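S.K.: Heads up, the sequence shown is in this note's numbering, so the first residue is 284 and it goes up one at a time.
For every residue, glycine included, the Cβ atom is placed at its ideal position computed from N, Cα and C.
Quick caveat, the model's predicted, so the values are computed rather than measured.
Dropping a structure here in structure tokens format, bear with me for questions.
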Amino acid sequence: MGEVRPIVHVGDPVLHNPCDPVTRFDDELAALVDDMFASMYAAEGVGLAANQIGVPLRVFVYDCPDDDGERHQGVVVNPELELPGLGERRLDTGDEGCLSVPGQYAPLPRPDRATVRGFDAAGQPVTVEGTGLLARCLQHETDHLDGHLYIDRLPAKRRKQLLAAYRETLSTKADISPL
């Protein structure tokens, strides 16, 4: 099992820049993937991108159910996202949240199906097709690797409200003195 690393929060530059492609599939990458799974589970998330633990590489891990409730778990290195065409697309308007913007959720329309093609940690090709929460996760994590947070997709007014609520949560925690 990997080492739990701290989750990077909104505002850190590593979250707001595109990540570098992985070029070496080695023990260092395998250790990073182990750390990512450990960090995701410790934070009670369903997906985690490498830049969320401060590593600017195109890697994400996931462990979440699809529309049928079937659990899917894995890693995708150098993902390429494919979404249904406009005529085939149905939107899921559910709430979305992020470990890098803790405690904040907002409805965000996303296609209800998504496919990601990339590689596993050993460099073997993988294709992950998702519906429901898994589709949302694949899109969300790929966005991270492109330097975008889900809040970047929200209308400006809603994004400002979420960030204000997030900052308020931080200041409230800072005001609590230990006994």
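1. If you compare alpha carbons, which of Ile434, Cys347, Pro289 is closest to His299?
2. Hey, quick one: how far does the alpha helix (DSSP H) through Leu315 stretch, first residue to last?
3. Are the CB atoms of Gly357 and Asp403 within a distance shorter than 9 Å?
4. Given a threshold of 16 other Cβ atoms within 10 Å of its Cβ, counted over all protein chains shown, does Asp458 qualify as buried or as exposed?
5. On the three-state DSSP scale, how would you describe Leu428?
6. Using DSSP with H/G/I as helix, E/B as strand and the rest coil, what is Cys347?
7. Is the stretch 346–357 touching the stretch 432–447, taking contact as three or more C-beta pairs under 8 Å?
8. Give the list of continuous alpha helix (DSSP H) stretches no shorter than 4 residues that lie fully inside the stretch 352–388.
9. Looking only at its chain, what residues have a beta carbon closer than 7 Å to the beta carbon of Ala389, apart from the 5 residues adjacent to it on each side?
10. Using the C-alpha atoms, what's the distance from Gly386 back to Leu369?
M.R.: Considering the structure as presented:
1. Per the Cα distances, Ile434.
2. 310–325
3. yes
4. Caution is warranted here: a pLDDT of 47 is assigned to Asp458, below 50, making its placement in the model unreliable, and the coordinate value is therefore given only provisionally. By the 10 Å Cβ count, Asp458 comes out exposed.
5. helix
6. strand
7. no
8. none
9. Asp378, Glu379, Leu437, Arg441, Leu445
10. Between Leu369 and Gly386, the C-alpha separation is close to 32 Å.
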